[in-house]
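The sequence shown: position 124 = 123 (numbering that gives the first Met the number 0), numbered continuously.
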Amino acid sequence: MKNQLEARIIVEASIEQVWEVWTKAAYIKIWNVPFPGWHCPTVVNEVKTSGVFDFRMEKKDGSEGFNYKGKYTLVVPFERIEILQDDHRRSVILFKKKGDSVEVIEQFEQEEHTELTLQKDFCQAVLNKFKACVENNLK
Numbered sequence: 000m001k002n003q004l005e006a007r008i009i010v011e012a013s014i015e016q017v018w019e020v021w022t023k024a025a026y027i028k029i030w031n032v033p034f035p036g037w038h039c040p041t042v043v044n045e046v047k048t049s050g051v052f053d054f055r056m057e058k059k060d061g062s063e064g065f066n067y068k069g070k071y072t073l074v075v076p077f078e079r080i081e082i083l084q085d086d087h088r089r090s091v092i093l094f095k096k097k098g099d100s101v102e103v104i105e106q107f108e109q110e111e112h113t114e115l116t117l118q119k120d121f122c123q124a125v126l127n128k129f130k131a132c133v134e135n136n137l138k
């Protein structure tokens, strides 16, 4: 991947719980929210190689929003997901079991028209929300 950014988080849960929350639409609607005042009202998610995804993220007042969408180019359950977004940027999500926890690492190509710090902070905010969703809902 070119011009790669990375965000990571340690989640105190089993690999099975982490995978379930990462891949199930009902959970994605909860955690795939970058900032307060935003939500993820619709999710299409076919988690398989060549499957498609389309997550709508928007401000609750409807004043701003976008669709995060593309295709899964590789899915190795409980280990790795590779993505090609509709704008041709690539992402890799790694799931590394570490004892009773899982490290989730998201590597992604930068979007050239958005400040790098904002892109990394956005991704980290979503991962933080993911961690809270797993740890608060599945224990």
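Even for Gly, the Cβ is constructed at its ideal location relative to N, Cα and C.
Strictly under 9 Å for the Cβ-Cβ distance: is residue i near chain D by that measure?
i          : result
residue 30 : The structure shown contains no chain D; it holds only a single protein chain.
Please report the distance separating the alpha-carbon of residue i from that of residue j.
i           : j          : result
residue 118 : residue 56 : 15 Å
residue 71  : residue 87 : 12 Å
residue 77  : residue 39 : 24 Å
residue 20  : residue 62 : 28 Å
residue 92  : residue 4  : 12 Å
Report all residues from its chain with a CB closer than 6 Å to the CB of residue i; omit the five preceding and five following residues, and keep chain order.
i          : result
residue 30 : 128, 129 and 132
residue 50 : 71
residue 2  : 108 and 109
Shortest alpha-carbon distance to residue i belongs to which of the options?
i           : options            : result
residue 58  : 35, 50 and 79      : 35
residue 136 : 12, 4 and 7        : 12
residue 37  : 44, 43, 50 and 28  : 28
residue 67  : 60, 75, 54 and 42  : 54
residue 83  : 33, 14, 42 and 107 : 107
Using the Cβ count rule (16 or more neighbours within 10 Å means buried), how would you classify residue i?
i           : result
residue 69  : buried
residue 52  : buried
residue 90  : buried
residue 115 : exposed
Skipping 5 residues on each side, what residues in its chain have a beta carbon closer than 8 Å to that of residue i?
i          : result
residue 7  : 102, 103, 104, 105 and 126
residue 18 : 76, 77 and 94
residue 48 : 71, 72, 73 and 74
Could you tell me the boundaries of the beta strand (DSSP E) in which residue i lies?
i          : result
residue 31 : No beta strand (DSSP E) holds residue 31; DSSP gives it neither H nor E.
residue 41 : 37-44
I'd like the span of the alpha helix (DSSP H) that includes residue i, first residue to last.
i           : result
residue 121 : 115-136
residue 15  : 14-22
Enumerate in chain order the residues of its own chain whose CB-to-CB distance from residue i is below 7 Å, with the five nearest sequence positions on each side excluded.
i           : result
residue 123 : 6
residue 140 : Since the first residue shown for the chain is 0 and the last is 138, residue 140 is missing from the structure and cannot be characterised.
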